[in-house]
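Undergrad:
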Amino acid sequence: LAEPNDNPLLDFSGLPRFAEIGPEHVAPAVARLLAQARGAMRAAEAAPPTWDDFVAPLEDANERLARAWGCVAHLHAVMDSPPLREAYNANLPKVTQYWTELGQNERLYANWRALRDSPQFAGLSAARRRVVENALRDFRLAGAELGPDAKRRFAAIQEELARLAAKFSENLLDATNAFALLIEDEARLAGIPEDARQAAREAAQKEGKPGWKFTLHMPSYLPVMQHAGDRALRYEMYRANATRASEFGPAEWDNSPLIARILRLRREAARLLGYASYAEVSLVPKMARTPAQVSEFLRDLARRARPFAERDAAELREFARTSLGIADLQAWDIAYASEKLREARYAFSDQEVKQYFPEPKVLEGLFRVAERVFGVCIRPAQAPVWNEDVRFYEIRDRAGALVGQFYTDLYARETKRGGAWMDEAIARRRRRDGAIQVPVAYLNCNFARPVGGRPALFSHEDVLTLFHEFGHCLHHLLTRAEELAVSGLAGVEWDAVELPSQFMENFGWEWEVLRAMTAHVDTGEPLPRALFDRMLAAKNFQAGLSMLRQVEYALFDMRLHAEYDPDTDSAGAGVQRLLDEVRREVALIRPPEWNRFQTSFAHIFAGGYAAGYYSYKWAEVLSADAFGVFEERGAFDAEAGARFRDEILAVGGTRPAAESFRAFRGRDPDLQALLRRSGMVAA
Ligand SMILES: [Zn+2]
Numbered sequence: 003l004a005e006p007n008d009n010p011l012l013d014f015s016g017l018p019r020f021a022e023i024g025p026e027h028v029a030p031a032v033a034r035l036l037a038q039a040r041g042a043m044r045a046a047e048a049a050p051p052t053w054d055d056f057v058a059p060l061e062d063a064n065e066r067l068a069r070a071w072g073c074v075a076h077l078h079a080v081m082d083s084p085p086l087r088e089a090y091n092a093n094l095p096k097v098t099q100y101w102t103e104l105g106q107n108e109r110l111y112a113n114w115r116a117l118r119d120s121p122q123f124a125g126l127s128a129a130r131r132r133v134v135e136n137a138l139r140d141f142r143l144a145g146a147e148l149g150p151d152a153k154r155r156f157a158a159i160q161e162e163l164a165r166l167a168a169k170f171s172e173n174l175l176d177a178t179n180a181f182a183l184l185i186e187d188e189a190r191l192a193g194i195p196e197d198a199r200q201a202a203r204e205a206a207q208k209e210g211k212p213g214w215k216f217t218l219h220m221p222s223y224l225p226v227m228q229h230a231g232d233r234a235l236r237y238e239m240y241r242a243n244a245t246r247a248s249e250f251g252p253a254e255w256d257n258s259p260l261i262a263r264i265l266r267l268r269r270e271a272a273r274l275l276g277y278a279s280y281a282e283v284s285l286v287p288k289m290a291r292t293p294a295q296v297s298e299f300l301r302d303l304a305r306r307a308r309p310f311a312e313r314d315a316a317e318l319r320e321f322a323r324t325s326l327g328i329a330d331l332q333a334w335d336i337a338y339a340s341e342k343l344r345e346a347r348y349a350f351s352d353q354e355v356k357q358y359f360p361e362p363k364v365l366e367g368l369f370r371v372a373e374r375v376f377g378v379c380i381r382p383a384q385a386p387v388w389n390e391d392v393r394f395y396e397i398r399d400r401a402g403a404l405v406g407q408f409y410t411d412l413y414a415r416e417t418k419r420g421g422a423w424m425d426e427a428i429a430r431r432r433r434r435d436g437a438i439q440v441p442v443a444y445l446n447c448n449f450a451r452p453v454g455g456r457p458a459l460f461s462h463e464d465v466l467t468l469f470h471e472f473g474h475c476l477h478h479l480l481t482r483a484e485e486l487a488v489s490g491l492a493g494v495e496w497d498a499v500e501l502p503s504q505f506m507e508n509f510g511w512e513w514e515v516l517r518a519m520t521a522h523v524d525t526g527e528p529l530p531r532a533l534f535d536r537m538l539a540a541k542n543f544q545a546g547l548s549m550l551r552q553v554e555y556a557l558f559d560m561r562l563h564a565e566y567d568p569d570t571d572s573a574g575a576g577v578q579r580l581l582d583e584v585r586r587e588v589a590l591i592r593p594p595e596w597n598r599f600q601t602s603f604a605h606i607f608a609g610g611y612a613a614g615y616y617s618y619k620w621a622e623v624l625s626a627d628a629f630g631v632f633e634e635r636g637a638f639d640a641e642a643g644a645r646f647r648d649e650i651l652a653v654g655g656t657r658p659a660a661e662s663f664r665a666f667r668g669r670d671p672d673l674q675a676l677l678r679r680s681g682m683v684a685a
């Protein structure tokens with residue numbers, strides 16, 4: 003076993019030593035860092051309640067643990083191997099256990115309170131005061147202020163809620179897996195693309211059956227709904243999907259009783275904490291202030307999107323009637339008719355677009371945007387890496403000072419988890435020796451790697467993903483915060499975290515930007531304007547309908563957690579009534595009355611989005627409105643860029659997001675920019 007001195011996970015002097023870190027280093031490093039962190043926790047319990055005696059040593063110990071574990075978790079995500087996975091899984095519970103202890107430690111809570119009530123508090127920097135307030139808030143929301151009985155009840159509720167959430171997901175998965183449709187008549191497959199048929203054929207063969215097997219998993223379900231000309235087939239698939247884990251299936255997988263129980267427990271927990279509803283609790287650490295404000299926000303969006311959604315729906319009905327022979331458009335026709343209409347209007351292939359986005363040109367274009375807008379320089383640099391695909395860059399300011407560093411790991415690999423994400427390696431802070439610690443980020447994607455000696459070609463969707471994740475990176479790297487807990491994305495309200503990422507995506511739709519970041523892989527020609535115009539039109543296709551759909555989900559979620567009374571509705575019928583009510587108010591194409599969307603709404607019943615689904619639209623409004631400044635002044639406006647950097651990126655979590663937004667925009671957020679960018683403006 004590695005001695006502490008040569009365990010690379012215990013070296014915090016610089017960048018992670020990725021070339022040397024092995025699975026055998028994990029357990030000894032975690033053991034040592036946990037022992038140190040627990041020692042620091044004990045010392046902090048008894049320390050005088052000052053920043054230097056109480057907060058700083060605890061933060062130092064916690065940071066070392068978080069940084070080392072961050073390396074392990076990162077490798078687990080991008081370079082998984084059986085021994086590493088084993089080391090990760092063996093140590094994860096120990097690390098999680100420590101954070102739980104820390105969050106429930108009553109003596110620490112008492113010390114945080116003593117610090118806030120001390121004369122020293124007023125003399126702390128605004129950032130440090132915010133760190134203290136956030137810590138107190140999190141303790142309070144975890145039940146730290148409750149009496150002994152209430153505390154026990156609160157803990158029991160949290161435990162049961164965790165179990166119910168897990169059961170909700172399991173039921174949904176079991177119900178999804180239980181359905182299969184075996185088709186033996188090839189004529190019924192008309193319209194379904196070859197790759198989807200092939201997959202269905204193989205699925206049937208695997209079970210020794212003839213024909214094609216379709217399931218409710220998205221890669222099988224979606225191609226049928228979008229392309230199958232056989233209406234009865236679409237109906238059968240739609241009905242199975244829309245009634246998953248409901249009373250129409252086996253009782254053991256029915257999620258409706260779980261929903262009733264979850265809502266009741268959430269409200270009970272909220273009342274123990276002194277709030278009227280779970281929605282109020284959910285909003286405490288968010289930017290939105292009250293459930294009423296969120297509902298009003300959503301209804302405002304719905305009102306303004308409605309005329310455009312009505313136009314979308316009318317066009318779709320007309321097209322279905324005249325071109326597809328469908329006189330009564332139903333829920334199971336929507337995806338199919340929409341796909342046909344989209345093809346008829348904006349025919350272009352992703353393949354055609356890809357030829358204009360070779361990797362080197364795209365990355366250069368992405369970095370030039372950041373350089374011009376935010377006044378920085380981005381250059382390749384050297385660092386130990388975990389795989390030969392990885393590149394490393396540094397960001398310097400105009401005077402040449404190092405501001406931040408980041409790794410890119412862009413290609414899909416068997417050892418990497420799916421999706422695209424940004425992660426933090428090192429956060430900016432002022433260390434106790436007075437020096438500034440330079441922040442470091444990981445930018446991970448799953449794009450197709452280069453083949454045949456040509457550069458990798460990215461789809462426009464890939465390019466938007468790059469802008470998005472790079473926006474998260476810039477938020478982390480361009481911060482000027484000096485306290486860990488509010489540095490970069492840390493401490494930023496949950497419904498405002500996506501502001502910089504979605505903001506950056508907007509550049510990927512600017513003609514001036516795309517012209518400069520495209521070059522046909524064979525001819526070197528930039529993206530043709532006519533093709534760009536078609537891409538833009540396709541982007542906004544059915545924007546009104548899709549806006550209403552998102553508002554429907556979000557308003558249902560918010561009203562369910564703010565208004566619905568679980569105590570007078572033990573059978574849970576009120577949930578359906580509320581959903582029907584929201585649909586009557588918002589939806590233009592009403593689903594059939596047997597649609598049980600709620601029993602598969604895992605975001606709010608098994609994920610972290612309860613009374614938070616609105617965040618998607620909320621952050622989109624912020625980012626579009628912020629970008630509005632660049633629409634007015636040009637995509638590369640350096641003055642606006644400097645202001646965005648100073649007022650949004652640099653401040654991170656050191657002040658409320660609403661204040662940061664006002665400081666940048668000069669007013670509160672406005673919906674107009676999002677509507678405009680979605681093509682929803684009155685002609
Ligand atoms: Zn994001």
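Numbering of the sequence shown is given in my numbering, commencing with residue 3 and proceeding in unit increments.
Every residue gets a Cβ at the ideal spot worked out from N, C-alpha and C, and that includes glycine.
Because the structure is a prediction, the values reported are computed rather than measured.
Any heavy atom of ligand 1 closer than 7 Å to the Cβ of H219?
TA: Because no heavy atom of ligand 1 lies under 7 Å away, the Cβ of H219 does not count as near it: no.
Undergrad: Is D582 helix, strand or coil when you go by DSSP?
TA: In the structure shown, D582 sits in a helix (DSSP, three-state: H, G or I).
Undergrad: Please specify which runs of the alpha helix (DSSP H), each continuous and at least 4 residues long, are wholly inside the segment 290 to 326, giving them in chain order.
TA: Here the runs fully enclosed are 293 to 325.
Undergrad: Would the segment 179 to 192 and the segment 131 to 148 be scored as touching if the rule is three or more Cβ pairs under 8 Å?
TA: No contact exists between the segment 179 to 192 and the segment 131 to 148.
Undergrad: For L235, is the classification buried or exposed, using 16 other Cβ atoms within 10 angstroms of its Cβ as the cut-off for buried?
TA: By the neighbour-count rule (16 or more Cβ atoms within 10 Å), L235 is buried.
Undergrad: List the endpoints of the continuous alpha helix (DSSP H) containing E661.
TA: Looking at the DSSP string, the run of the alpha helix (DSSP H) that includes E661 is 659 to 667.
Undergrad: Quick check on the DSSP output: what are the complete alpha helix (DSSP H) runs of length 4 or more inside the segment 48 to 131, in order along the chain?
TA: 58 to 80, 84 to 106, 108 to 119, 122 to 125, all fully within the segment 48 to 131.
Undergrad: Between N9 and D648, what straight-line distance do the alpha-carbon atoms span, to the nearest angstrom?
TA: Taking the straight line joining both Cα atoms gives about 39 Å.
Undergrad: Would you report the Cα separation of R347 and I591, rounded to the nearest angstrom?
TA: In a straight line, the C-alpha of R347 is about 22 Å away from that of I591.
Undergrad: Pick from R432, H563, G367, G16: whose alpha carbon is nearest that of E282?
TA: Residue H563 is the option with its Cα nearest to E282.
Undergrad: If I measure Cβ to Cβ from R269 and keep anything under 7 Å in the same chain, skipping five residues before and after, which residues do I get?
TA: Excluding positions up to five away in sequence, the list reads S279, Y280, P568.
Undergrad: Using the C-alpha atoms, what's the distance from A79 back to R451?
TA: Looking at the two C-alpha atoms, the distance is approximately 18 Å.
Undergrad: At a cut-off of 7 Å, would you count H478 as near ligand 1, judging by its Cβ distance to the nearest heavy atom?
TA: No.
Undergrad: With a cut-off of 8 Å on the beta carbons, I'd call C73 and P18 a contact; round off their distance for me.
TA: About 5 Å; that satisfies the 8 Å criterion.
Undergrad: Measure the C-alpha to C-alpha separation of L117 and A660 and round it to an integer number of angstroms.
TA: Distance between the alpha carbons of L117 and A660 is about 26 Å.
Undergrad: For H563, verify whether its CB is less than 7 Å away from any heavy atom of ligand 1.
TA: Outside the cutoff, so no.
Undergrad: Is the closest heavy atom of ligand 1 to the C-beta of H470 under 7 Å?
TA: Yes; taking the cut-off as 7 Å, the Cβ of H470 has a heavy atom of ligand 1 nearer than that.
Undergrad: Would you mind working out which of E209, N243, K211 sits nearest S222, comparing C-alpha positions?
TA: Nearest option by C-alpha distance: N243.
Undergrad: Starting from T217, trace the beta strand (DSSP E) in both directions and tell me its first and last residue.
TA: Per DSSP, T217 belongs to the beta strand (DSSP E) from 214 to 217.
Undergrad: Pull up the CB-CB distance for P360 and V523, whole angstroms please, since I reckon it's below 8 Å.
TA: Correct: roughly 5 Å between the Cβ atoms.
Undergrad: Go ahead and label E88 buried or exposed: buried means 16 or more other beta carbons lie within 10 angstroms of its beta carbon, across all protein chains shown.
TA: So E88 counts as exposed.
Undergrad: Which value, in whole angstroms, describes the spacing of the CA atoms of D497 and A427?
TA: Each residue's Cα considered, the two are about 23 Å apart.
Undergrad: Would you identify the three-state DSSP class for V442, choosing helix, strand or coil?
TA: Three-state result, V442: strand.
Undergrad: Please report how far the alpha carbon of L673 lies from the alpha carbon of M220, in whole angstroms.
TA: Spanning the two alpha carbons is a distance of roughly 32 Å.
Undergrad: Taking one C-beta from the segment 395 to 407 and one from the segment 447 to 466 each time, how about it: are there three or more such pairs within less than 8 Å?
TA: As far as the Cβ criterion goes, the segment 395 to 407 does not touch the segment 447 to 466, which means the pair count is below three.
Undergrad: Measuring straight from C-alpha to C-alpha, what distance separates L3 and R393?
TA: Its pLDDT being 48, under 50, L3 is placed unreliably in this model, and the coordinates cannot settle the point.
Undergrad: Just grab the DSSP bridge partners of P360 for me.
TA: P360 is bridged to L459.
Undergrad: What beta strand (DSSP E) runs, 3 residues minimum, are completely inside the segment 507 to 541?
TA: Taking only runs of at least 3 residues, no beta strand (DSSP E) segment lies wholly in the segment 507 to 541.
Undergrad: Excluding the 5 residues preceding and the 5 following F558 in the sequence, name in chain order all residues of the same chain whose CB lies nearer than 6 Å to its CB.
TA: Once the five neighbours on either side are set aside, the close Cβ partners of F558 are L581, V584.
Undergrad: In this structure, what does DSSP give as the bridge partners for W423?
TA: For W423, which the question treats as bridged, DSSP gives the partners N446.
Undergrad: To the nearest angstrom, report how far apart A429 and E396 are at their CA atoms.
TA: Rounded to whole angstroms, A429 to E396 spans 15 Å at the Cα level.
Undergrad: Under the three-state reduction of DSSP, which class applies to E396: helix, strand or coil?
TA: In the structure shown, E396 sits in a strand (DSSP, three-state: E or B).
Undergrad: Shorter than 7 Å, the distance from the beta carbon of S503 to the closest heavy atom of ligand 1, or not?
TA: True, at least one ligand heavy atom lies under 7 Å from that Cβ.
Undergrad: Go through its chain and collect everything with a Cβ distance to D232's Cβ below 7 Å, but skip five positions before and after it.
TA: Counting only Cβ-Cβ distances below 7 Å, and skipping sequence neighbours, we find R190, A192.
Undergrad: Is Q691 near S625, with beta carbons less than 8 Å apart?
TA: Here the chain covers residues 3 to 685 and nothing more, so residue 691 does not appear.
Undergrad: Shortest alpha-carbon distance to N7 belongs to which of A621, P25, A31, G24?
TA: Cα-wise, what sits closest to N7 is A31.
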